[in-house]
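If you're matching positions, the sequence shown starts at 19 in this note's numbering and goes up one per residue.
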Amino acid sequence: MIEITNWKEINDPNTVKVIVDKNNFALYFSRSTLPFPRDKNNEISYFKHKGIYAFRKQAILDFYNLPMGTLEAVEKIECIRFLEYGKKIKMAISTSKSVEIDTPEDLRRANVLLKKKERNINNKHRNFPMVPKVVFGSGSFNQLGSILEEKRKENTPFIFLVDAVFKDNKSFLERIPLVENDKILFVSTAEEPKTSQVDVLVSEIKDQNKKLPSGIIGIGGGSIMDIAKAVSILLKNPGSAADYQGWDLVHNKAVYHVGIPTLSGTGAEVSRTAVLCGPERKLGINSDFTPFNQVVLDPDLTVDIPKNQWFYSGMDCFIHCVESLNGTFLNAFSQSYGEKAFELCKEIFLTDSLTAEEARAKLMMASWHGGMSIAYSQVGVAHAMSYGLSYVLGTKHGIGNCIVFNQLEEFYPEGVALFKEMVNKHKIKIPKNVCSVLTDKQMNTMIDVALSLEPLWENALGKEWKRKITREKLRTLYEKL
């Protein structure tokens, strides 16, 4: 089904309208004109049946064995037959453009399109989206209220997904600009974000609100950024978050979503992915609808971060740069961002020339540039192996990257040397022997997850990467951790 806003089309008897419940199951189809709503404050969405079907084989066989009912005979719409006999029809919202042939005018328009000569389209270069609006600066979080006011829909709340570490931080919570029926949902980040966690949040939001929220606001570290992006997508796309793990599987625009990082380094605030652990693997929801519509970068929000967490998150940014700058996908676009983030990381983690305030601001910008460096490129060996660690052992992303990268001199000799210098300077202890107690099944699962991330390996080692990274080679690498 596709949303319609033109009142003429809404009342056109050639337009098949569909009434759905809150879970988008069809309740009725009709060509009848619709009365103008008396309550003008009641926001109503109108949808027409687009006429694209996906049937199970048995459903089609059942259809021809069921006699036509009274409602189908009156409306002249075959779908009603299923509803009359108690069967369910799941509707999906579509934004794709096509021609439905319901009227002679539609037929003429379709013929014009068919007669057009095919254009030779060259889409070799990715046309990727960027965050359209960003505000940066100390204290910029205080502008959030005015930013959201422009996007607020009548009687429709903003939902704030806030890291549960802030649950008892009264002074911080009081700064969140709640209005009317806005709501805060505290989200645990004790473990890596999961598709099941996203599904639960989406169900909770839908169950507690008759309409879609005005927007989703994520406040926290990289995990919250990814969860907020995923929730905003799933509110407008049917199914589970696991259905969209991969590349360009999302078809419908997400609800308005804002990212406010309280930890710098992950680059999740600027990326086109939402990385989640699913039932089969750890993988991102990579799509053009994933990036935030608005980001607020306030370095003051990163004050008092525990030292280890600050370091591990910062190293996520550093490793982004190393993998991007040494990858086969590298181009001038990625290189310009990667080099800037790389230099900022060296200044922050290897010198003593910055004040605490300057270091916070520069790490926030290093995170942004590091995220941008992989937007038109990719990460590499460390991230592929780290995903396996996270999936099997539940290792948090930042520390997982450090555990892996510490052993990757073979692939990134200069980067690993700098990394070890940073580790020693800040007296960080990187965990060792984390894979020593794995069962064969766990090791094989870890290898499966890592090998499934083909774009990462191709960026790191080229198109012939499978000749270099066998299961045996990967097992040897994991055993070194």
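Where is the CB? At the ideal position from N, CA and C, for every residue including glycine.
Sequence-distant partners of W475 (beyond 5 residues in either direction) whose C-beta falls short of 7 Å from its own C-beta, in its chain, are A402, W483 and I487.
The beta carbon of A286 sits closer than 6 Å to those of G240, M243 and D244, all from its chain and outside the five residues before and after it, given in chain order.
DSSP places F329 inside the alpha helix (DSSP H), whose first and last residues are K325 to L343. Residue state for Q312 is assigned as strand, using DSSP reduced to three classes. The C-alpha of F190 is placed about 14 Å away from the C-alpha of P279. About 20 Å separates the CB atoms of S391 and A435; that is not less than 8 Å, and the two are not in contact. By the beta-carbon neighbour count (other beta carbons within 10 angstroms, threshold 16), D370 is exposed.
Boundaries of the beta strand (DSSP E) harbouring C295: V293 to C295, taken from the DSSP string. Using a C-beta cut-off of 8 Å, the segment 304-311 makes no contact with the segment 422-429, since fewer than three inter-stretch Cβ pairs fall below that distance. Counted as a single uninterrupted DSSP element, the beta strand (DSSP E) harbouring D181 occupies residues F176 to D181. Only residues of its own chain outside the window of five on either side were considered, and among them F81, L84, M86, G87 and E90 have a CB closer than 8 Å to the CB of R99, listed in chain order.
For K212, the secondary structure class from DSSP, reduced to helix, strand or coil, is strand. In chain order, T413 and G418 place their CB closer than 6 Å to the CB of L407, counting only its own chain and leaving out the 5 sequence neighbours on each side. According to the DSSP assignment, E21 belongs to the beta strand (DSSP E) that extends over I20 to I22.
Looking from the CA of V180, the closest CA among L162, K169, P473 and S206 belongs to S206. Taking a contact as a CB-CB distance under 8 Å, the pair P175 and P231 counts as one, their CB atoms being some 5 Å apart.
Bounds of the alpha helix (DSSP H) holding S354 are A350 to L368. For N477, the uninterrupted alpha helix (DSSP H) run begins and ends at E472 to L479, by DSSP. Minimum Cα-Cα distance from A379 among the listed residues D225, Y394 and V321 corresponds to V321. Around the CB of M148, fewer than 16 other CB atoms lie within 10 Å, so the residue is classed as exposed.
Restricting attention to E198, A248, V249 and G398, the CA atom closest to the CA of L471 is found in G398.
G157 carries a coil assignment under DSSP once its states are collapsed to helix, strand and coil. Contact check for M461 against Y496 passes: the beta carbons are separated by less than 9 Å. Residue pairing for G238: DSSP places it in a beta bridge opposite P279.
The criterion of a C-beta distance shorter than 9 Å is satisfied by F65 and M109. For T463, the closest of I446, R299, G104 and I111 by C-alpha to C-alpha distance is R299. In the structure shown, the three-state DSSP call for Y64 is strand. Of the residues assessed, A272 falls on the buried side of the cut-off, its CB having 16 or more other CB atoms within 10 angstroms.
Comparing C-alpha distances from I366 to each of L381, E357, P195 and Q353 shows the shortest one belongs to L381. For the pair N255 and V268, the Cα-to-Cα distance works out to about 7 Å. Closest option to T33, judged by alpha-carbon separation, among R49, I22, A77 and N42: R49. Between the C-alpha atoms of K247 and D200 there is a straight-line separation of about 18 Å. Looking at the backbone, the Cα of N344 and that of L301 are separated by about 22 Å. Rounded to the nearest angstrom, the gap between the Cα atoms of Y46 and I28 is 15 Å. Taking all protein chains shown into account, L294 has 16 or more neighbouring C-beta atoms within 10 Å of its C-beta and is therefore buried.
Rounded to the nearest angstrom, the gap between the Cα atoms of G389 and S352 is 10 Å.
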